[in-house]
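In full-length UniProt numbering, the protein residues as written are 1 to 675.
Worksheet: one structure, shown below.
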């Protein structure tokens with residue numbers, strides 16, 4: 001069970017580990033709406049999930065139940081799979097397969113949410129009063145709307161503290177150097193910036209001509225509408241909202257269309273900097289991406305006039321060993337002892353692999369439940385034998401494997417999409433009408449996920465995409481899969497079955513549908529965020545340089561580095577290549593290092609048409625005979641390291657002269673791309 005303060009609104013919370021989604025009073029709340037002639041006995045003879053749908057679809061139901069203020073309205077008959085899945089989950093938990101764990105929600109005091117928000121975006125310095133370079137560097141990169149979002153939260157926080165008389169609060173004007181009574185941040189220009197780069201004086205973003213490899217295509221299969229909408233990563237999403245929409249004027253009868261072609265087709269055109277996936281950046285830079293994503297998401301919601309809601313949940317201590325009910329970070333820590341560098345838990349990978357090898361064409365996969373008793377026994381057997389490599393996977397039927405997969409997700413101590421931001425997932429559908437705006441909000445929420453959650457969610461969604469791709473044989477459409485997966489990822493407030501709960505059911509299914517359909521876009525880091533990370537790193541470096549100039553020890557180090565710079569270049573075969581070796585290289589020429597190849601370095605003259613893949617091809621040609629078979633078999637990528645970025649695996653289609661001009665102090669290294 002779970003106690004929660006009833007605020008009168010739907011709060012989408014974690015799917016509690018081991019805890020079923022209880023719907024007390026479900027039959028009672030609809031009993032008054034059963035039309036004459038439907039006796040209780042006839043109602044009880046139907047499966048519960050089908051009774052609910054029949055009652056909801058009955059024409060005698062009051063209008064309030066058939067329409068919603070948001071897009072979340074849906075023909076109730078199309079939600080039958082959702083409610084059957086809810087019932088199946090409840091039965092499996094009552095059967096003892098899942099043990100109950102309490103997830104408590106801690107009420108927030110006034111001002112605490114703002115304080116947590118400032119800490120989560122990397123601006124704890126505004127709370128502590130310390131002069132931290134990272135906070136100053138972050139503030140210096142903000143756009144106008146982002147700065148307004150930070151200022152709004154900080155003003156609320158300081159006003160609350162003054163009311164409580166806790167301690168003296170720093171004036172916002174002292175922090176941001178403003179003098180008038182309505183302080184504002186100094187913001188960066190909002191002119192378009194090149195993807196993955198910094199806006200260069202007088203330079204406009206250059207788009208490639210349309211070709212099969214020039215864009216990231218997400219949307220519809222053949223037979224879909226030909227209209228394609230282009231998504232821009234050049235300007236922040238919040239800055240691109242020119243007119244504030246009036247939520248109350250959105251059509252009240254707007255409804256989801258469950259047919260897949262109802263979803264629009266989006267394309268992200270590659271700029272001359274290419275595209276960057278989440279795994280292409282260093283962990284340090286991805287941490288900054290998360291800071292900026294939360295600020296941008298808040299600014300985006302502010303620009304739309306929508307409240308960004310978040311939960312405050314007490315941390316639940318999960319198991320420290322085993323497979324099910326173990327936090328993702330703990331699972332990965334244990335698995336990495338066995339397989340270094342692994343990003344997705346081994347048990348989750350194995351379940352996905354089992355289903356991909358034998359279950360993708362199974363009719364009703366994910367929807368048709370396995371045997372509850374078999375799943376329970378397999379669960380126990382896996383816990384005992386998995387790490388000993390003695391578990392017999394051939395004995396596992398496909399539907400049972402699907403049941404174990406869903407159980408793994410449900411039993412996570414913290415939900416896959418995190419407790420804190422589940423309300424934001426719901427809000428993006430209930431309060432935002434356009435699919436494009438929903439997708440932009442969803443994109444930022446994905447950028448907010450912790451690394452373990454994001455990598456696991458990515459593996460799961462890639463599997464679901466394969467399930468949908470085999471619809472012709474398994475009879476599982478995108479909407480079918482979304483309805484089945486949604487209750488395993490989300491749960492609504494289960495106090496009574498009313499209009500809001502019906503709305504939340506369709507809402508969560510729609511969210512999963514967007515996640516599956518547009519996942520290739522969602523794993524791409526928006527270029528405006530990368531540009532801000534570059535500026536943030538440059539600001540931090542400039543601050544550090546000013547401080548280091550007064551340190552005598554550093555001066556000695558600099559003198560030694562200067563002497564080393566005058567020495568002859570290191571012989572081929574050296575493994576490390578410090579950036580100062582490139583200081584005397586002419587403009588437009590880069591030295592590329594390939595420590596794993598026989599020819600470990602090469603100076604390359606760049607021109608306006610040189611791409612990363614051209615450099616890779618040149619090294620491959622030079623080293624095709626001298627490199628080992630293992631090296632030739634690996635997929636090599638060109639990496640940009642240092643300067644104003646931590647580490648960046650470049651898109652093969654990136655134009656190198658543009659990347660070089662954005663980060664002239666970088667090293668250029670060819671090595672295998674991180675898996």
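For every residue, glycine included, the Cβ atom is placed at its ideal position computed from N, Cα and C.
Between residue i and residue j, what straight-line distance do the alpha-carbon atoms span, to the nearest angstrom?
{"i": "residue 342", "j": "residue 370", "result": "29 Å"}
{"i": "residue 609", "j": "residue 454", "result": "35 Å"}
{"i": "residue 470", "j": "residue 365", "result": "10 Å"}
{"i": "residue 530", "j": "residue 522", "result": "15 Å"}
{"i": "residue 23", "j": "residue 490", "result": "Note that residue 23 scores a pLDDT of 36, beneath 50, so its modelled location is shaky and nothing firm can be said."}
{"i": "residue 662", "j": "residue 654", "result": "12 Å"}
{"i": "residue 532", "j": "residue 296", "result": "11 Å"}
{"i": "residue 362", "j": "residue 591", "result": "53 Å"}
{"i": "residue 143", "j": "residue 465", "result": "36 Å"}
{"i": "residue 317", "j": "residue 344", "result": "20 Å"}
{"i": "residue 232", "j": "residue 276", "result": "14 Å"}
{"i": "residue 677", "j": "residue 588", "result": "Since the first residue shown for the chain is 1 and the last is 675, residue 677 is missing from the structure and cannot be characterised."}
{"i": "residue 237", "j": "residue 291", "result": "15 Å"}
{"i": "residue 263", "j": "residue 298", "result": "26 Å"}
{"i": "residue 372", "j": "residue 338", "result": "31 Å"}
{"i": "residue 445", "j": "residue 278", "result": "13 Å"}
{"i": "residue 116", "j": "residue 389", "result": "43 Å"}
{"i": "residue 428", "j": "residue 159", "result": "29 Å"}
{"i": "residue 91", "j": "residue 79", "result": "19 Å"}
{"i": "residue 141", "j": "residue 147", "result": "9 Å"}
{"i": "residue 239", "j": "residue 145", "result": "6 Å"}
{"i": "residue 543", "j": "residue 650", "result": "28 Å"}
{"i": "residue 671", "j": "residue 377", "result": "45 Å"}
{"i": "residue 407", "j": "residue 619", "result": "47 Å"}
{"i": "residue 541", "j": "residue 379", "result": "51 Å"}
{"i": "residue 472", "j": "residue 356", "result": "16 Å"}
Once DSSP output is grouped into helix, strand and coil, what is the label at residue i?
{"i": "residue 472", "result": "helix"}
{"i": "residue 384", "result": "helix"}
{"i": "residue 327", "result": "coil"}
{"i": "residue 677", "result": "The structure shown does not extend to residue 677, since the chain spans only 1 to 675, so no value can be given for it."}
{"i": "residue 46", "result": "Model confidence at residue 46 stands at a pLDDT of 44, short of 50, so the residue's coordinates are unreliable; what they give is reported in the following sentence. If DSSP states are grouped into helix, strand and coil, residue 46 belongs with coil."}
{"i": "residue 643", "result": "coil"}
{"i": "residue 524", "result": "strand"}
{"i": "residue 669", "result": "strand"}
{"i": "residue 425", "result": "helix"}
{"i": "residue 265", "result": "strand"}
{"i": "residue 490", "result": "strand"}
{"i": "residue 432", "result": "coil"}
{"i": "residue 446", "result": "helix"}
{"i": "residue 604", "result": "strand"}
{"i": "residue 301", "result": "helix"}
{"i": "residue 162", "result": "helix"}
{"i": "residue 229", "result": "strand"}
{"i": "residue 270", "result": "coil"}
Assuming residue i contacts residue j (C-beta within less than 8 Å), just tell me the rounded distance between them.
{"i": "residue 421", "j": "residue 310", "result": "6 Å"}
{"i": "residue 409", "j": "residue 474", "result": "At roughly 20 Å, the Cβ-Cβ gap does not stay under 8 Å, so residue 409 and residue 474 are not in contact."}
{"i": "residue 135", "j": "residue 125", "result": "4 Å"}
{"i": "residue 375", "j": "residue 400", "result": "5 Å"}
{"i": "residue 652", "j": "residue 616", "result": "7 Å"}
{"i": "residue 526", "j": "residue 443", "result": "7 Å"}
{"i": "residue 679", "j": "residue 425", "result": "An answer regarding residue 679 cannot be provided, because it is not within the stretch 1 to 675 covered by the chain."}
Excluding sequence positions up to five away, which residues of its chain have a Cβ less than 7 Å from the Cβ of residue i?
{"i": "residue 478", "result": "260, 468, 513, 516, 517"}
{"i": "residue 82", "result": "483, 486, 487, 505, 509"}
{"i": "residue 230", "result": "267, 269"}
{"i": "residue 660", "result": "590, 606"}
{"i": "residue 323", "result": "347, 382, 383, 386"}
{"i": "residue 354", "result": "393, 396, 401"}
If I measure Cβ to Cβ from residue i and keep anything under 8 Å in the same chain, skipping five residues before and after, which residues do I get?
{"i": "residue 669", "result": "577, 592, 593, 594, 595, 638, 639, 641"}
{"i": "residue 188", "result": "The predicted position of residue 188 is uncertain, since its pLDDT is 47 and thus under 50; a value taken from the coordinates is nonetheless stated next. Cβ neighbours of residue 188 beyond the five flanking positions: 140, 141, 142, 143, 532, 535."}
{"i": "residue 676", "result": "In the structure as shown, the chain begins at 1 and stops at 675. Residue 676 is therefore absent and cannot be evaluated."}
Output needed for residue i: all residues of its chain with C-beta closer than 6 Å, excluding positions within five of it in sequence on either side, in chain order.
{"i": "residue 463", "result": "352"}
{"i": "residue 359", "result": "365, 398"}
{"i": "residue 622", "result": "599"}
{"i": "residue 405", "result": "351"}
Touch test, the stretch 267-287 against the stretch 386-400, Cβ-Cβ under 8 Å, three pairs minimum:
no
Touch check for the stretch 404-416 and the stretch 294-312: three-plus C-beta pairs under 8 Å?
no
Using 8 Å as the Cβ pair cut-off and three pairs as the minimum, do the stretch 504-511 and the stretch 478-486 touch?
Contact between the stretch 504-511 and the stretch 478-486 is present, because at least three Cβ pairs lie under 8 Å.
Three-pair Cβ contact test at 8 Å for the stretch 643-650 versus the stretch 526-543:
yes
Do the stretch 324-332 and the stretch 442-457 meet, that is, are 3 or more Cβ pairs less than 8 Å apart?
yes
Contact the stretch 110-120 vs the stretch 262-278: 3+ CB pairs below 8 Å
The stretch 110-120 is not in contact with the stretch 262-278.
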